[in-house]
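Undergrad: Let me begin by handing over the structure; questions about it come next.
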Amino acid sequence: MILIRHGVPAQTGLCYGRSDPELAAPAANTARSLPAALSQRPGPWYSSPSQRCLAVARHLAPEDRLTTVDALRELNFGDWEQQPWSEIKRSALDAWAQQPLDFRMPGGESGRDLFHRVQAWATQAHLNENSVVIAHAGSLRALAAIVLERPFEQTWQWPVPYGTALILNSHGTGFDLWEHDV
68 MILIRHGVPA QTGLCYGRSD PELAAPAANT ARSLPAALSQ RPGPWYSSPS QRCLAVARHL
128 APEDRLTTVD ALRELNFGDW EQQPWSEIKR SALDAWAQQP LDFRMPGGES GRDLFHRVQA
188 WATQAHLNEN SVVIAHAGSL RALAAIVLER PFEQTWQWPV PYGTALILNS HGTGFDLWEH
248 DV
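Residue numbers (my numbering): 68 to 249.
See the structure below:
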């Protein structure tokens with residue numbers, strides 16, 4: 068299974084999840100930076116409906132094999148969306164840091180909520196070694212926990228670089244860069 072995170076957002080310092088910020092570079096640039104063999108994968112191909120993911124997916128996947136999946140959206144930060152991190156109350160950020168998976172963002176959701184929605188989709192999806200998923204750091208980490216049958220507490224902080232194709236490593240302890248057909 069290949070996992071791809073969208074490209075780098077144009078604006079930094081803002082809290083975003085469900086909102087859909089512009090990318091720093093066109094999605095076509097992200098798609099071209101990925102291994103050429105990726106476009107030959109048989110799929111199935113799945114993408115978050117967020118434009119920052121879907122635009123990349125449309126450059127890579129055959130249209131007839133691409134499915135958009137609402138469950139793959141990023142964490143809903145609710146009232147924090149599009150707010151500068153520096154303007155979110157320190158006490159709220161501290162409360163989130165103390166319970167990172169169970170703290171529910173005001174007007175939004177918790178990390179555990181994100182995990183459960185990805186899990187509900189993944190249990191009925193036809194994921195296999197040929198699947199390609201284009202999404203966000205949060206939903207890709209949740210998917211890793213589900214596929215590896217590990218607690219989300221073990222995967223929720225795994226690094227997920229922007230604009231890269233990743234695979235779950237053979238030890239099940241993180242992601243490896245996917246550079247060619249495996």
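Each residue gets a CB set at the ideal place from its N, CA and C atoms; glycine is no exception.
So, at 7 Å on beta carbons, what are the nonlocal neighbours of alanine 162 in its own chain, with the 5 sequence-adjacent residues on each side left out?
TA: Excluding the 5 residues flanking it on each side, alanine 162 has same chain C-beta neighbours closer than 7 Å at Phe170, in chain order.
Undergrad: What is the DSSP secondary structure of alanine 204, reduced to helix, strand or coil?
TA: helix
Undergrad: Using only the alpha-carbon positions, how far apart do valine 185 and valine 136 sit?
TA: 9 Å
Undergrad: Determine, using beta carbons only, whether arginine 132 and proline 111 come nearer to each other than 9 Å.
TA: yes
Undergrad: Is the Cβ-Cβ distance between cysteine 82 and glutamate 148 less than 9 Å?
TA: Yes.
Undergrad: Which residues in the same chain as glycine 174 place their Cβ atom closer than 7 Å to its Cβ, once the five residues preceding and following it in sequence are excluded?
TA: Gly145 and Asp146
Undergrad: What number of angstroms, rounded off, separates the C-alpha of glycine 205 from the C-alpha of alanine 103?
TA: Cα to Cα, glycine 205 sits roughly 26 Å from alanine 103.
Undergrad: Can you grab the Cα-Cα spacing for the pair asparagine 143 / proline 109, in whole Å?
TA: 31 Å
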